[in-house]
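In order, the protein sequences belong to chains A and B. Counting from 9, one number per residue, gives the positions in the first sequence under the numbering used here. Counting from 22, one number per residue, gives the positions in the second sequence under the numbering used here. Even for Gly, the Cβ is constructed at its ideal location relative to N, Cα and C. What follows is a short report on a single structure.
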Amino acid sequence: GIQVEQSPPDLILQEGANSTLRCNFSDSVNNLQWFHQNPWGQLINLFYIPSGTKQNGRLSATTVATERYSLLYISSSQTTDSGVYFCAVRYGQNFVFGPGTRLSVLP
Amino acid sequence: KAGVTQTPRYLIKTRGQQVTLSCSPISGHRSVSWYQQTPGQGLQFLFEYFSETQRNKGNFPGRFSGRQFSNSRSEMNVSTLELGDSALYLCASSLEGDRKAFFGQGTRLTVV
């Protein structure tokens, strides 16, 4: 099956700093999505991004499907950005999640 | 538009019992998928339903089953509960299976 890797596994930032999260996948996929899981467990869909670049406020994402990776950029981080960030790929009929990046933003 | 609603939010069950979890998708969404999240295994796909038909199933034992009704609401059932079934169970809905997915708040199941 497909392998989905995320790096780094953990990230600690000072408020206001920028960061880049990476997602690598081992095979061609139908789509890719980024999620933020808040401390209460809810998964919030950040981007549906099978290819190209999208921006939403302080967040942006880029997927290079031919090279099998996606990047999530967080600029001017805030404490509310803390949580776990997952990428998930649609592989056949399955949705496969990466292990996540745990982000802690300190005030 | 109301989001994805999962009930109940929390559940405590005893080993050997069975449990049924419910998921109401966003209005108009026909695809509902279920996931199990545990600290050790992360987020794992259970199954996906589309228009009342199971389209795909993850690598879980037959004790895990589900169904989808004509109004797209879905239920999942776990029989003969084991301690290892303690997890956060999440459901997601989308217009079609490969479109943007929206998740509910999850049901946290504890098996004692």
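Leaving out the 5 sequence neighbours to the left and right, which residues in its chain are closer than 7 Å to residue i when beta-carbon positions are compared?
i      : result
B/A108 : Q57, Q58, T59, L130
B/P29  : T128
B/Q126 : Q27, R30
A/G91  : H44, Q45, N46, P47, L111
B/K121 : S115
B/F81  : L67
Which residues of chain B have a Cβ atom closer than 8 Å to the Cβ of residue i, listed in chain order?
i      : result
A/V104 : F66
A/P107 : G63
A/F33  : Those within 8 Å of A/F33 in chain B number zero; the least Cβ separation is about 15 Å.
Rounded to the nearest angstrom, what separates residue i and residue j at their Cα positions?
i      : j      : result
B/L116 : B/K78  : 19 Å
B/V40  : A/S83  : 43 Å
B/D106 : A/S59  : 36 Å
B/N92  : A/A25  : 46 Å
B/G24  : A/F103 : 20 Å
B/S48  : A/C95  : 25 Å
A/A69  : A/Q41  : 10 Å
B/C44  : B/T35  : 22 Å
A/T87  : A/S112 : 7 Å
A/K62  : A/L79  : 11 Å
B/E103 : B/G61  : 16 Å
A/F33  : A/Q11  : 6 Å
A/P16  : B/S114 : 29 Å
B/R76  : B/F66  : 12 Å
A/P107 : A/E13  : 7 Å
A/R66  : A/I20  : 18 Å
B/S54  : A/S85  : 32 Å
A/D89  : A/A73  : 26 Å
Run through chain A and tell me which residues come within less than 8 Å of residue i, C-beta to C-beta.
i      : result
B/F124 : F43, Q50, L51, I52, N53
B/R76  : Q101
B/G19  : Limits of chain B in this structure are 22 at one end and 133 at the other, which puts residue 19 of chain B out of reach.
How about residue i and residue j: are their beta carbons less than 7 Å apart?
i     : j     : result
A/T28 : A/Y93 : no
A/H44 : A/I57 : no
A/N38 : A/R98 : yes
B/S95 : B/R84 : no
Quick one: residues in its chain with C-beta nearer than 6 Å to the C-beta of residue i, no 5 flanking neighbours on either side, listed in chain order?
i     : result
B/S86 : N98
B/S72 : R51
A/Q22 : L114
A/R30 : S15, L79
B/Q38 : L102
B/Y70 : V53, Q89, S95
Return the chain-ordered list of same chain residues with a C-beta closer than 8 Å to the C-beta of residue i, the five sequence neighbours on each side being excluded.
i     : result
B/L64 : Y56, Q57, Q58, L111
A/N64 : L54, F55
B/T74 : Q89
B/L32 : V40, L42, T128, R129, L130, T131
Starting from residue i, find everything on chain A with Cβ-Cβ shorter than 7 Å and list it in chain order.
i      : result
B/E73  : None at all; the shortest Cβ gap to chain A is about 16 Å.
B/L111 : L51
B/S54  : F103
Going along chain A, which residues have a C-beta under 9 Å from residue i?
i      : result
B/G127 : W48, G49, Q50, L51
B/G79  : N102
At what residue ranges does the stretch 26-54 of chain A contain a whole run of the beta strand (DSSP E), taking only runs of 3 or more?
Entirely contained in the stretch 26-54 of chain A, the beta strand (DSSP E) runs reaching 3 residues are, in chain order, 27-33, 39-45.
Runs of alpha helix (DSSP H) lying entirely within the stretch 40-114 of chain B, each at least 4 residues, in chain order
With a minimum length of 4 residues, no continuous alpha helix (DSSP H) run stays inside the stretch 40-114 of chain B.
Continuous alpha helix (DSSP H) assignments of at least 4 residues falling wholly in the stretch 59-87 of chain A:
Assignment of alpha helix (DSSP H) within the stretch 59-87 of chain A, counting only whole runs of 4 or more residues, yields no such run.
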